[in-house]
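Below you'll find the structure, written out as structure tokens, and then a few comments.
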Amino acid sequence: MPESNWIEALGLVAGTLTTISFLPQAVKVWRSHSTHDISLWMFTLMLVGTALWLAYGIMLGRPALIFANGTSLTLIAWIGWFKLRYG
1 MPESNWIEAL GLVAGTLTTI SFLPQAVKVW RSHSTHDISL WMFTLMLVGT ALWLAYGIML
61 GRPALIFANG TSLTLIAWIG WFKLRYG
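Following UniProt numbering, the numbering of the sequence shown begins with 1 at its first residue and continues without gaps.
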């Protein structure tokens, strides 16, 4: 496997692991409808930062960045929506 493929595979694995790290929180929020212990500022900053990483990945045409940050952005926005809805 060429070196560039290994680098892309490493990026995909890293992106997948960091993306799924939001799943336990998303499931907890969905089940409990409680977001009182979640910082709105943290999720706002994470949302903006992830959106910028997604834009960066799109500009570079890097699938690992696009996949990981697109998926993360969806989960972060979903949790943020619950935070705004349920406080």
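In this text, a Cβ means the ideal position worked out from N, Cα and C, and glycines have one as well.
Continuous alpha helix (DSSP H) stretch holding S72: start and end: 63 to 86
Starting from the Cα of residue 165, find the closest Cα among G87, F82, A68 and give me that residue. Outside the modelled stretch of the chain, which goes from 1 to 87, sits residue 165, for which no answer is possible.
What did DSSP end up calling P2 once you bin it into helix, strand or coil? Coil.
Would you mind stating whether T50 and L73 have Cβ atoms separated by less than 8 Å? yes
Would G15 pass as a contact of A64 if the rule is Cβ separation under 8 Å? The answer is yes: Cβ separation under 8 Å.
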